[in-house]
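J.: One point on numbering: in this note's numbering, the residue at position 184 of the sequence shown is 188, and numbering is uninterrupted. Here it is: the structure, laid out below.
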Amino acid sequence: MSLTLRDGELHVDVAAWTAMIGAAPSPGAVDAARQVPGGERALAAVAHPLAVLQLETATPGGVRNHEVWLGSDAAALLVHTADGTDRHVVPLPHDQVTAALARLTGLGPRDRMRDDIPRHPRDVADEVLAGWFALDADVRRSALAPFGADRAWRLVAHAVGSTEEPLVLVVADGSDGGAWLVELADQAFVAAPVSPTVLFRQLAAVLPLLGRDVESVTGR
């Protein structure tokens, strides 16, 4: 399936999108894109990508894999809305990418958290991190429960062609225990309690940091 229009939205199969990377879009894809505001710029983003953000979300509803493809003028957000390989393609101006990521991760204000869940940095074993994103819902629930969390997300971002290490954010979150940001300390992973404000700032910093890497690749 190439890029198609369905109920006023652009959709694409993952394999078809992969085939479009760095390639001129087909006439059918162009026709479909023209029917959605910003659609042609979304096509340009995959034809000439500068950076890619991959966002994996694990919630009680399942594990989903979203992507953001950044072009020079706009971005294409691929939203994984249901099981399978279909993706909803959302054209976005660059200044709306952070808000879109925040929405996909469920980032927002929190009510008062439970008092019986200690909010202090704690070591996180590799197998626990893997459990946060396990396909088995029971495994995810067990791995997240000690943090008062019911969901987790992992963002990996890199500039196309860059030799720099990707930017990585890994977070567990929930109404009971709040948000936890995974950091590397003394060669071990540590989950540190953070506020939603801190996480939003981290997300907002991704594009400027990628921009620096893009400049190093393109020589701009």
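Every residue, glycine too, gets a C-beta built ideally from N, C-alpha and C. These numbers come from a predicted model, not from an experiment.
For a quick check, are the C-beta atoms of residue 53 and residue 78 less than 8 Å apart?
T.: To locate residue 53, count along the sequence shown from 1; it is residue 49. To locate residue 78, count along the sequence shown from 1; it is residue 74. In this structure, residue 78 does not lie closer than 8 Å to residue 53 by Cβ.
J.: Check each candidate in 93, 194, 157 and 101 and name the one with the smallest Cα separation from residue 17.
T.: As a working note, residue 17 is residue 13 in the sequence shown. With distances taken between Cα atoms, residue 17 lies closest to 93.
J.: Using 10 angstroms around the beta-carbon of residue 177, count the other beta-carbons present and answer buried if the total reaches 16, otherwise exposed.
T.: Within the sequence shown, numbered from 1, the residue matching residue 177 stands at position 173. Buried is the call here.
J.: I need the DSSP call for residue 44, collapsed to helix, strand or coil.
T.: Residue numbering aside, residue 44 sits at position 40 when the sequence shown is read from its first letter. Residue 44: helix per DSSP, three-state reduction.
J.: Check the DSSP bridge columns for residue 70 and list the partner residues they point to.
T.: Here the question's residue 70 lines up with position 66 in the sequence shown. Bridge partners of residue 70: 59.
J.: Measure the alpha-carbon distance for residue 196 versus residue 11 and round it to whole angstroms.
T.: The residue you call residue 196 lines up with position 192 of the sequence shown. The residue you call residue 11 lines up with position 7 of the sequence shown. C-alpha separation (whole angstroms): 43 Å.
J.: By how many angstroms is the C-alpha of residue 153 removed from the C-alpha of residue 113?
T.: Indexing the sequence shown from 1 puts residue 113 at position 109. Indexing the sequence shown from 1 puts residue 153 at position 149. If I take the Cα positions, the gap works out to 15 Å.
J.: Assign residue 174 to one of two classes, buried (16 or more other C-beta atoms within 10 Å of its C-beta) or exposed (fewer than that).
T.: For this step, residue 174 is matched to residue 170 along the sequence shown. Per the 10 Å Cβ criterion, buried.
J.: Does the Cβ of residue 75 have 16 or more other Cβ atoms within 10 Å, making it buried, or fewer, making it exposed?
T.: Numbered from its first residue, the sequence shown carries residue 75 at position 71. Under this definition residue 75 is a buried residue.
J.: Helix, strand or coil: how does DSSP classify residue 95 here?
T.: Indexing the sequence shown from 1 puts residue 95 at position 91. The answer is strand: DSSP assigns residue 95 an E or B state.
J.: Under a three-way DSSP split, which group does residue 115 fall into?
T.: For the purposes of this step, residue 115 is taken as residue 111 along the sequence shown, with counting starting at 1. DSSP places residue 115 in coil when its eight states are reduced to three.
J.: By the DSSP assignment, the alpha helix (DSSP H) with residue 130 in it spans what residues?
T.: Here residue 130 is taken as the residue at index 126 of the sequence shown, counted from 1. Start and end: 130 to 136.
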